[in-house]
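Chains as they are written, first to last, in the numbering used here: chain A, 1 to 243; chain B, 1001 to 1243; chain C, 2001 to 2243; chain D, 3001 to 3261; chain E, 4001 to 4261; chain F, 5001 to 5261.
Where is the CB? At the ideal position from N, CA and C, for every residue including glycine.
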Amino acid sequence: MMGGYGDVQLLNEDGSRLDGRKVDEMRPVSIEAGILPAADGSAKVTHGLNVAVAAVYGPMEAHPRKIQRQDRAVIDVRYNMAPFSTSDRIRPGFNRRSREISKVTAEALESVVLVERYPRSKIRVEIEILAAEAGTRCVGITAAAVALADAGIPMRDMIVGVASGKIEDTVVLDLDKAEDNYGQADLPVGILPNTGEIAFLQMDGDLSPDEYNLAMEYNFKAAKEIHEIMVDALKRRYDGGEA
Amino acid sequence: MMGGYGDVQLLNEDGSRLDGRKVDEMRPVSIEAGILPAADGSAKVTHGLNVAVAAVYGPMEAHPRKIQRQDRAVIDVRYNMAPFSTSDRIRPGFNRRSREISKVTAEALESVVLVERYPRSKIRVEIEILAAEAGTRCVGITAAAVALADAGIPMRDMIVGVASGKIEDTVVLDLDKAEDNYGQADLPVGILPNTGEIAFLQMDGDLSPDEYNLAMEYNFKAAKEIHEIMVDALKRRYDGGEA
Amino acid sequence: MMGGYGDVQLLNEDGSRLDGRKVDEMRPVSIEAGILPAADGSAKVTHGLNVAVAAVYGPMEAHPRKIQRQDRAVIDVRYNMAPFSTSDRIRPGFNRRSREISKVTAEALESVVLVERYPRSKIRVEIEILAAEAGTRCVGITAAAVALADAGIPMRDMIVGVASGKIEDTVVLDLDKAEDNYGQADLPVGILPNTGEIAFLQMDGDLSPDEYNLAMEYNFKAAKEIHEIMVDALKRRYDGGEA
Amino acid sequence: MVELVPALLRQELARLAEENNRIDGRGRWDSRDVTLETDCLYNAEGSAKVVMGGTVVYAGVKFELRTPWPDRPTQGSLMCGAELRPVAGRKYEPGPPSPASIELGRVVDRGIRESGCIDMESLCIVPGEKVWGVMIDIHVLSDQGNIFDACGLAAIAALRTAVVPAERFDVGEDHTLQVNGTPIMASFTRVGGRFVLDANEQEELGGDERIHITLGDKGHLHSLQKGLKGVFTPAEFAEIFDVAQKRCVELRKLVAEKEGN
Amino acid sequence: MVELVPALLRQELARLAEENNRIDGRGRWDSRDVTLETDCLYNAEGSAKVVMGGTVVYAGVKFELRTPWPDRPTQGSLMCGAELRPVAGRKYEPGPPSPASIELGRVVDRGIRESGCIDMESLCIVPGEKVWGVMIDIHVLSDQGNIFDACGLAAIAALRTAVVPAERFDVGEDHTLQVNGTPIMASFTRVGGRFVLDANEQEELGGDERIHITLGDKGHLHSLQKGLKGVFTPAEFAEIFDVAQKRCVELRKLVAEKEGN
Amino acid sequence: MVELVPALLRQELARLAEENNRIDGRGRWDSRDVTLETDCLYNAEGSAKVVMGGTVVYAGVKFELRTPWPDRPTQGSLMCGAELRPVAGRKYEPGPPSPASIELGRVVDRGIRESGCIDMESLCIVPGEKVWGVMIDIHVLSDQGNIFDACGLAAIAALRTAVVPAERFDVGEDHTLQVNGTPIMASFTRVGGRFVLDANEQEELGGDERIHITLGDKGHLHSLQKGLKGVFTPAEFAEIFDVAQKRCVELRKLVAEKEGN
């Protein structure tokens, strides 16, 4: 955000976006569940040109002891970008950004998984970004939710990662790479599609209170659409074997 | 030490120092005890332009087990310089210098605390240098001693951090920044004011045996003065509440 | 390997090598056992200009617990090059190369030590390269084997580190520094001199199947020679005290 | 105060919430006393100390000369980091930066950066060759609750009172750093089931998720962050957002008072 | 499949070996199904996905502009690394690169490097000033046995389909990376006392040492590696070496098929 | 020797001290045998091996060409580090440098640096462009007590026999490194209540604090360090200081003998 260097045009004269999308239209999303034989649950989400894979292991005994919680499971999330996932290669290993995203993603998932059913245990969620084109933290949350469901982990609701933002003083749904680079704000959230609650929230840039409200409206609309694709993927998985 | 690049004048013609101090005169010192509500004991020492804060936690159970000593408490000291404490910012985290100072400071404090009263336990001493103007290791020791007393940890004596050195072939008490940068020797010690023993000793530079003796004499004199300020701070703390 | 930059001549016109050795002749080797008083077993191997020292500690209880094996001892090997062992100083600490060599060396030693006699225990093998002149991993294996024997650790056979390679399309035994830098292949192996089995194997460069067979033949011949020197060193150690 | 085990503490906090009360007697949207000191550290080019209840935080600003990034030859840089070292409380352990300290630093950083209060172009000395790098380091010395707001306040106050040490670097005369705005953070914690402002240590121990809102001078949002386990509804957000607007105006005044000095 | 404890599993594997059978019914030199996909990742200049039984591996190629080493002014560089992160299986733990992942990356790296398939001179743009650095990163997503062969295959396939992004770096037109050869790795594991090709997860759990052989287009050896506890005889090596020759020819065809695309 | 548990060992050491005896029969100010070897390692530009009782230590000197620091354009640099790796004894563990190894390296470094025996100006090749960096690495292979003195001796002996490899770096002819002095360390350990010289392993295990004194050729102090738990009086210091003077003269002779070679 705030990265704009001068006047990059991001909207066409008819109000549509450079890739032809409407302001409240998201990029195409496709999801496969159960793609990693070694994992207890897994999913791959393609969202625009983003590719995120999630694997779930557990519940298993939490160790070392000091991370155990007597009354619930802990969810151990690692959000990681593969070195080849970005335009400039990134060095393997965690950085400050990925550690922060891992923390808040774990806290969001702990808010939907019925963690109190598994005291003293750990559920590992591995989110691997193989190709990044803006919005990876949201795509990762969606992949994690499907992988958790694929692993049979009980949840009070699904969680869907979506983002809206602002470009050229206009609120739009689901920023792509150029919009993210030259835009004015980004509002990624994790929405519980059935309860309408929010389990993940970040935002940066500049939004007036009204713009915030409109961006949030778009997010709820998109969450509903993605949720249907998630449910379809899980249905295909259990009807048709390993998709 | 030995850092002098050429002939920097550090003494005035009347034998006084650039800031007007006499050779055996120390910089002004002020001390407050009990300044950090979260800690079991704490102190802030302003010595010249140095600012050091110390916090004490414990005695508490020592873990991991392998650091436990069956017959006494261990004292876990971290001497840390804040990134903004020096002229050039220093990267957060420990370096070789701070690790060495932490080690010998811990050993000095173990020599005065009645550690045998708390077998298998740990006392944490956190020394944070917020502003550095030469002599921080000594200021840190003084702050740690007051914080230990503030935490009610029994000690066989206080310990006072003081330093003398040599500039322009003259032994002087309590080097300031310029004197430290362009001086010829530094002799920081930790003195037990009542017993007259020494629990901390380092030295670098060049000192003849006679110069060493004079520098040590100055140190003992200064330790007495600082000790009175330490006692005052503790008295104020217990008479007047949180100072 | 493959490091050749142009046409460096490595063979004389009479087919001998630059240092006068024949193609199947190894550099001089000398071995001393029991040279480090603090260790349970130790050895120093000088092989050409290489100097490797190995120390063995144990068997001792393996900790942390998670490295313990119920049915055998684990062998914990650290192969380390001293900062001054190479032409350009190397930074202290492990790098990817030394970690890989440590791993495969440990696995080779576990193949000859009677590890099943010491369940849940650990044997530490420290290999320190003090001077490096090509072939250090093999010299380290030889040193480790003598140190293990010196420590009285039972083994099903000794293990001897040897290497052959290819220079100017000719297979030769025991590459020296120049041959290693400008040669075409290197085949370091760890040979059990009595059983004729192989416990360590690496290779890089370019070898036809026939060249591989010839290089291996040279290796077996050299292993026999070095084995005699190893046995002599151990005999001297037990006949003559600490050599 | 009697130390309650978390389960009992949670019960007590829920009971208090029903009575619309808090463990230290404050109203739901009341904050603890805040004191702000600036220019308090030798060697820092800008410095601030914030005491918020029993929470004590220092921030210091340092400058360095840098070569600009090739793709932004006329832009300087800003970096804000927070250290949550063992000095801050019994629960903090030594070691590499924890996720909690990384989050803290990044949330404060985003609030300042995204408000646009530092014009990166104003940090340029010679395009393509020399720009200023501004580094804000925050140091938590005592954590008794709501360190986010204390850190955010210390950071912007240190920044707004910073002097660019141009003489020391031989690139002109010392001058006040140009800062166009005063972004302020307001944080809310779910305690006893409902959100409260400026939670203290007990409330954080027995509470749930937090929401951090950073607002600019015009009341626009510049940074949001939800932390810890828990969910909230859009209606709950709307309620705390109004409180945040008032809180930020108050704290912004505190900063303004120091600038006259 | 029923999880057997290792001791029982070893017994079962030994019994099967006596019958010249394997736990999944394969013959000793049979491999599992292999699928290879290339050009499958946005942002990677070359990419490949290999599925080998239940093992899933991705490789991606990236380029960077570098200053050459002073003693090799006309040579670019190649680097190949493998990550064995916790995603790959229940047994993998977070933390710094394990010896196993370092070995994996280095063995794949040596096979490619030592085959000479990349002419380092061909990576030179301006002698002494600018050369390409080629970086192959391999990412194991699911380990159900024989990740070495899967990684080796993914790496060379990604490399052979890579496009040098010269335009993005403003040094000419994009062009296919020149790769002179297709080194292929074949790995053997001692299971039930004898070596088998392409071991699966159960066979690795109850097996012993592995031998990794990388062969070039002419059947020359470019890299060898023995891993894990165990010894072998020259005769055993001669036997698996013949199998390796055939296996490598087959996998090399798979790569060739993708290059026409 | 029978292994005594520390408490019993301390009693025994106290009893011996009363009789003015030591556990290995030495007098209070007697040292163990010392042998010094130099020029013993290929690739090191200066090298030394010290055996002091059962303690074995190597030191090696390497040179590199560096750009000088902008504020010291005519000065080279000196760095001395010590490694206390697991090879040195059963008690040493792998991992990042321990506080003990950092202290060891820094105390040896200060003794050499502060003696002024290396004139940093003499390491300048081209002012502002090229200077020598001198690096002394010390490697403890066997610790049976008093590694400080062994390391100090090895370091200065390696340095005083070092040859500057100017030809290899193409900056002139190889020449002996100019070293103006021979700083020597003498270390004392409190054992059985009183200080002794050159403590062995048992004495260190059952002893208390140590004092390390580095003296120059004229008997001036260049470095002091107190390590471990314990206090001492000025009178005790005066006593060991006199012993240190004699010890340093003896060890300095050992170094001088090697330089004729």
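Partners in chain C for residue i, counting only beta-carbon separations shorter than 9 Å
i                       : result
residue 4103 of chain E : 2099, 2100, 2103, 2104
Contacts of residue i in chain E (Cβ-Cβ under 8 Å)
i                     : result
residue 89 of chain A : 4062, 4064, 4135, 4137
Contacts of residue i in chain A (Cβ-Cβ under 7 Å)
i                       : result
residue 4041 of chain E : 51, 84, 130, 131
residue 4143 of chain E : 38
residue 4087 of chain E : 55, 126, 128
Test: residue i CB closer than 7 Å to a CB of chain G
i                       : result
residue 1188 of chain B : Chain labels in this structure do not include chain G; the protein chains are A, B, C, D, E and F.
As assigned by DSSP and simplified to three states, the class of residue i
i                       : result
residue 4084 of chain E : coil
residue 1290 of chain B : No answer is possible for residue 1290 of chain B: it lies beyond the span of chain B, which begins at 1001 and ends at 1243.
residue 140 of chain A  : helix
residue 4002 of chain E : The predicted model places residue 4002 of chain E with a pLDDT of 41, which falls under 50 and marks its position as unreliable; any figure quoted below should be read in that light. It is coil, neither helix nor strand.
residue 1203 of chain B : strand
residue 227 of chain A  : helix
residue 1089 of chain B : coil
residue 1135 of chain B : coil
residue 105 of chain A  : helix
residue 5097 of chain F : coil
Interface flag, residue i vs chain E, CB-CB below 7 Å
i                       : result
residue 2205 of chain C : yes
residue 2202 of chain C : yes
Proximity of residue i and residue j at Cβ, strictly below 7 Å
i                       : j                       : result
residue 4154 of chain E : residue 4057 of chain E : yes
residue 2162 of chain C : residue 2138 of chain C : yes
residue 3219 of chain D : residue 3010 of chain D : no
residue 4176 of chain E : residue 4191 of chain E : no
residue 3083 of chain D : residue 1037 of chain B : no
residue 3111 of chain D : residue 3183 of chain D : yes
residue 129 of chain A  : residue 52 of chain A   : yes
Residue i burial status per 10 Å Cβ neighbour count (16 or more: buried)
i                       : result
residue 5042 of chain F : buried
residue 5069 of chain F : exposed
residue 197 of chain A  : buried
residue 3249 of chain D : exposed
residue 5212 of chain F : buried
Partner residues on chain F for residue i, Cβ-Cβ distance less than 7 Å
i                       : result
residue 1068 of chain B : Here the premise fails: no neighbours, minimum Cβ distance about 15 Å.
Chain D within 7 Å of residue i, Cβ atoms only
i                       : result
residue 1028 of chain B : no
residue 236 of chain A  : no
residue 164 of chain A  : no
Residue i at chain B interface by Cβ criterion, 7 Å
i                       : result
residue 5128 of chain F : no
Partner residues on chain E for residue i, Cβ-Cβ distance less than 7 Å
i                       : result
residue 2096 of chain C : 4102, 4106
Residue i at chain A interface by Cβ criterion, 7 Å
i                       : result
residue 3232 of chain D : yes
Within chain E, partners of residue i - CB distance below 9 Å
i                      : result
residue 244 of chain A : Residue coverage of chain A in this structure runs from 1 to 243, which leaves residue 244 of chain A outside it and unanswerable.
Below-7 Å beta-carbon distance, residue i vs any chain F residue
i                       : result
residue 2092 of chain C : yes
Under 9 Å by beta carbon: chain D residues contacting residue i
i                      : result
residue 196 of chain A : 3233, 3234
Any non-hydrogen atom of the ligand MG closer than 6 Å to residue i Cβ
i                       : result
residue 3145 of chain D : This structure does not include the ligand MG; it has no bound ligands of any sort.
Minimum Cβ-Cβ distance from residue i to chain C less than 7 Å
i                       : result
residue 4226 of chain E : yes
residue 4187 of chain E : no
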